[in-house]
Amino acid sequence: METIHSFTPVWIILTSSVAALLVALLGRWPNVRESCIFAAAAIKLGLLLSLAPAVLDGKLYEFEVMELLPNVGLAFRVDALGLMFALVSVSLWIPTTIFSMGFLRPLKRHAQTRFFFFFAIAISSAVGVAFSANLLTLFIFYEALSLSTYPLVTHHQDDDAIKGGRKYLTYLLGTSIALALPAMIIVYQQTGNLDFTNGGVFADGTSTTLLVVLLVMFLFGFAKAGLMPFHAWLPGAMVAPAPVSALLHAVAVVKVGVFSIIRVLTGIFGVDLLANTPSLSTIVCVLAAITLIVASLIALTQDNIKSRLAYSTIGQLSYIILGVGLATKSGIAGAALHIPMHAFGKITLFLCAGAIYQACGAKCISEIHGLGRKLPLTMTAFFIGSLCVIGLPPTGGFVSKWYLLNGSLDSAQQWAFAVFLTSSLLNAAYFLPIVYKAFFATPTDPARLDKTKEPPPLTVVPLFITSAGCVLLFFFSGKLFQFANTFAEMYTPQ
Amino acid sequence: MTEQLPIIIILGPLLGAVLAAFTGWFRPRLSHPLVVLGLAISFAAALKLVFIVADAGAQKYWLGGWGEKVVPGQKEPFVVGIQITVDYLNTLLLVAVSGIALLTSVYTRRLVDTELAGRQRYFYALFSLLVTGLLGITITGDIFNLYVFMEIAALSSYALIAYGRGRAYMAAFNYLIMGTMGACLYLLGVGFVFAKTGTLNIDNVSAIIPALLNSGQSQALFVGFVLILLGAWAKMAFFPFHGWLPNAYAHAPTAGAAILAPLATKVAVYTMLRIMVTVYSIEYIIHSPGIQSLALYLSSLAIVIASFFSLTQTNLKKLASYFVLSEIGYMVGGAWLANKPGLTGAMVHVVADAAMTSALFMAIGCIVYRLGQAQLDDLKGVFFKMPVTMAAFVVTMAALIGVPPTCGFFSKWYLIQGAAQAGVWHFVAALLLSSLVKAIILFRIIEIGYNRVPHPAIEGNPAIPRNEAPLSMLIPTVAMALGLIALGLGTSTLVNTIIAKALPAALAP
Amino acid sequence: MEKLITNFNYVIVVILMMIGLWAMLAQKNLIKKCIGMAIFQTGIILFFISIGAKNKAKVPILSKFVVENSSAIIVNDYANPLTQILMLTAIVVGVATLGVGLALAQKIYQQHSSFDEDEILENQRK
């Protein structure tokens, strides 16, 4: 594996941090402020794409900033998975910012500068996680993400927001400090090394009990991945404004959690350790499967749109964890591929929820009967988004679920195949009725319907972009699959 | 000149104190600059010494030129007079103490002018004397001399606390009783050591003790060790001798608390470390029957109990003093783990905690200066009134919680690593629990000070005027808060160049 | 039993220290606490001096005749001066501490008109 020494990863992270600073300073001129963000996002995308060719070739970009503890430091490494995740986050930052402008300005929400400032910091932290070369750097940016998203979650500053924020922090900070931190220190104390290494860092013959305990601590410690029972922060975080829920809790924050678990499973434990130690892979798969099914079932009972989407997210994250737990090449590739596919699908759905709220103030499914006639564009986007999450062609979700299903057949956990299929059926069961009711059901509240008009273009255009993305991903899935496959090949023993 | 640097560290604040007290009679306004000057000289000397020690090893100085005498047949030359040593163990603490004292002396100017009008010169003289005592404890190489400096510092601190008037008198009296008990126990322990070894010099004692231990004459030495340990524990307010601290620091004048809280207890921890690591060797510690596990259980208890009490506090200064109590538990536990990461963690934490507590009390002092009160409920809207101060406060609390890349994270890392290695899981649990409790308190303060306040930017809500602390108070606070991050990033350098060399060679890895 | 009699100095020291400690911690009157503190410190001072004492030892002051004929200095004839010097320092420290303690007690009395700890705490709570 060839490594290229380059400061570019740090530039990429710094770009959005500098943008954050500019946002804070230029807060008085909203248009200038927002253009800083777009400029930063464009520069970031450009830099990221410049790294792509070498990374797809199997090379790595590395940079160590400084040593913090013996043998462990603040170090960055860009590989296929990290680059793909960073690309997803940054490319979705742009439509979300457009949506935020459209959403927050007409509603005259306060403290927009604070909003965009912490948003930019959160994106920097997410990219920092993507580029972490070792567990310590990942932990640092993971915590930075928790802390920088707190002001976003409590943006409305009313009682609900404060309660939601409290729950948010209790779950995220509590698990990371109480579970992930000691697990990380124990790994360091046992092995002296926290780098993400192909084949893991544990010496042969490490006691299985210790490995099992550490595994469970990591799985629950990175509560951003939403494994039950530490999932409750996600529905609680829905008090955030819609753009926050969209980007952060459908894409950045939750994917950071799942990304961290992928890194731990492939880089600290190692795929062959997982494959050869049945107890380890069984635990991962069982926990993920339980979360998958239970979350999907709960989603069926939720009337509030954002809650239903939140539980759907919890379920979809466990798809990814289950895929990695299978410890096969196509399982891991499918899991990695599901990151962008689900991201595009989910963000479309959340942005639609926000657009619906903006257009007619409806938050629940019972309130949107017949809405499709007034908001055809929005509901079509919703339909495409749900197809992507369910996993049906012609959307990208189909490709990732295909690889996941293949991976389950290759592995020792063939029952996962049934779990995946059942869950896809449940996904259909809780998404399609929404679309049906919106277009074909008789309205329960005609007065509300009359007052509805299509939301402003700033809100609708992003929907268009992301739903188009879902479809385009299907046709260009080969390119994305290259990323996933390069990563899977690098970490799976031949 | 460089040979005189060790004594200059003590002479600076000592002369500053004396001059401030005397010139204060006819020129009261001179007392503050004199004290600052003395502390600046001391800080410069301490800083220079760090680099000298990092290069050349321990620096020794004999007061009065008594020097040392080489005695044939003895490993160490015999020291006749009082020796002061700057070695790997205390050089960082010297810089920390003198640096924090310097910053605090600049910082407390406004507070002293308002809270202690007319008595500034006495306050500053006592301030400087306190710092002399603390620096003396840190730098001395003689166990009786340590007692003398300990009492200099203690008497100054009793008086400093009593300046708070009102409830401070009783608090100072209780502190006096407990502190004197601790100092006397220490003295008694020194007596036992002297009775057995015949010398008071730390190097000589540490050379003689191993032979005595092996020959079986160790009962008196053991009693001496226990007495010294109890004395140090009483001075550092380690559970169960902690009763005096919350009241003393809460009722002291804010300026007094700002200098006492960061330094007094840490220097007592240093005393314990010096006795454990240098005087008695680390093997003795490990084979001390039962003391190790007792110390570890007491540490965990100290941390847990202090954390629980801090949750119920409504007064900011008392809250901060409960934080201090829990941090002491970290250091004692880390030291008694008796392995490399544990001891490294304890040593890093002594410096880190001095910085963190100093930043915390400085931020609280700014709030008290402007708002006149220190109750949690009075913090409504404080984030809008004093944004810079609260930013520094948030950084300090993040350091106390242990958020990377502040210094608190790294010292906690070493402590947890050491505890995991030694299998002392209750200590790990206590450390994590205290982090979570501090996080709860921080976000409670954020809610009171920011979230629950009607946002002034929205029309119809009352405006909240900016009332930031004066620059002379704000700059040290911000500097200290930034220093926490710098210290965190520089932990690795400090550990590699200095602290690792202070660890005894025979320590378990 | 025999050991106790031969080491009677240590026994006395222990008794004094216990009296002092009890007075410091268990007594409610502030002045009695100060007195207890003084007794405790006195016990320790006696301990130090007694370990420096020798059988039939003289005061450690050298007369002019002895200094001129240095061969006449027999160390065992003189009590250990070091412990006595240390205790001079300790006595000074004890006096200073006692002074500060009594000053504080005086201030407390001015505030609460009582030296009793319980009454003072009650007074403070009002």
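Protein chains in written order, with the numbering used here: chain R, 1 to 494; chain U, 495 to 1003; chain Z, 1004 to 1129. Quick reminder that beta carbons are idealized off the backbone N, C-alpha and C, glycines included. Values in this document were obtained by computation on a predicted structure and should not be read as measured data.
- Put simply, the backbone Cα of leucine 145 of chain R is about 12 Å away from that of threonine 137 of chain R.
- Residues of chain R whose Cβ lies closer than 8 Å to the Cβ of alanine 914 of chain U are, in chain order, Pro182, Ile185, Ile186, Gln189.
- By the rule that beta-carbons nearer than 8 Å mark a contact, isoleucine 162 of chain R touches chain U.
- Under the Cβ criterion (8 Å, minimum of three pairs), the segment 829-839 of chain U does not count as touching the segment 968-987 of chain U.
- For valine 600 of chain U, there is no enclosing beta strand (DSSP E); the enclosing alpha helix (DSSP H) covers residues 585-609.
- For glycine 73 of chain R, the uninterrupted beta strand (DSSP E) run begins and ends at 72-78, by DSSP.
- Of the candidates R:Leu426, R:Cys352, R:Ile98, R:Thr15, the residue whose Cα lies closest to the Cα of methionine 379 of chain R is R:Cys352.
- The continuous alpha helix (DSSP H) containing lysine 932 of chain U extends over residues 919-940.
- Interface criterion not met: the Cβ of tryptophan 519 of chain U is under 8 Å from no Cβ in chain R.
- Taking one beta carbon from each stretch, the segment 926-938 of chain U and the segment 566-578 of chain U have fewer than 3 pairs nearer than 8 Å; the two do not touch.
- Chain order gives the chain U residues near phenylalanine 1050 of chain Z as Leu682, Gly685, where near means a beta carbon separation below 8 Å.
- Around the beta carbon of serine 709 of chain U, fewer than 16 other beta carbons sit within 10 angstroms, so the residue counts as exposed.
- Residue environment: glutamine 911 of chain U is assigned as buried (16 or more neighbouring CB atoms within 10 Å of its CB, all protein chains considered).
- Across the set U:Leu790, U:Val897, U:Pro970, the C-alpha of U:Val897 shows the shortest separation from the C-alpha of serine 176 of chain R.
- CA-to-CA, the gap between valine 153 of chain R and arginine 166 of chain R works out to about 10 Å.
- Residue state for phenylalanine 733 of chain U is assigned as coil, using DSSP reduced to three classes.
- Bounds of any beta strand (DSSP E) do not take in leucine 179 of chain R, whose DSSP letter is neither H nor E.
- Annotated as distal: leucine 426 of chain R and leucine 326 of chain R, with beta-carbon spacing of 8 Å or more.
- Within 9 Å of the CB of glutamate 454 of chain R, no CB atom of chain U is found; the nearest one sits about 28 Å away.
- For leucine 557 of chain U, the CB contacts under 8 Å within the same chain, skipping 5 residues up- and downstream, are Ile501, Gly575, Ile576, Gln577, Ile578 in chain order.
- In this structure, leucine 322 of chain R and tyrosine 403 of chain R do not form a Cβ contact; the two beta carbons are roughly 12 Å apart against a cut-off of 8 Å.
- The C-beta of valine 842 of chain U has 16 or more other C-beta atoms within 10 Å across all chains shown, which makes the residue buried.
- Looking at the DSSP output, lysine 554 of chain U sits in a beta bridge with U:Thr579.
- Interface annotation, threonine 674 of chain U: in contact with chain Z, CB-CB separation under 8 Å.
- At least 8 Å separates the CB of alanine 126 of chain R from every CB of chain U.
- The secondary-structure analysis by DSSP pairs isoleucine 4 of chain R across a beta bridge with R:Tyr61.
- Phenylalanine 817 of chain U has a beta carbon lying at 8 Å or more from every beta carbon in chain R.
- Only residues of its own chain outside the window of five on either side were considered, and among them Leu280, Ser281, Ala327 have a CB closer than 6 Å to the CB of leucine 274 of chain R, listed in chain order.
- Note on geometry: alpha-carbon atoms of glutamate 2 of chain R and isoleucine 314 of chain R lie some 37 Å from one another.
- A residue is called buried when at least 16 other Cβ atoms come within 10 angstroms of its Cβ; cysteine 364 of chain R does not meet this threshold and is exposed.
- For the 8 Å CB-CB criterion, phenylalanine 537 of chain U and leucine 629 of chain U do not form a contact.
- Take the alpha-carbon of proline 70 of chain R and the one of glycine 627 of chain U: they are about 35 Å apart.
- DSSP lists R:Phe76 as the bridge partner or partners of serine 132 of chain R.
- Using a CB distance below 8 Å, the part of the segment 616-645 of chain U facing chain Z consists of Phe638, Tyr641, Val642, Glu645, ordered along the chain.
- In the structure shown, the three-state DSSP call for glutamate 562 of chain U is strand.
- For the segment 914-943 of chain U, the residues whose beta carbon sits under 7 Å from a beta carbon of chain R are, in order, Ala914, Gln915, Val922, Leu926, Ser929, Leu930, Ala933, Phe937, Glu941.
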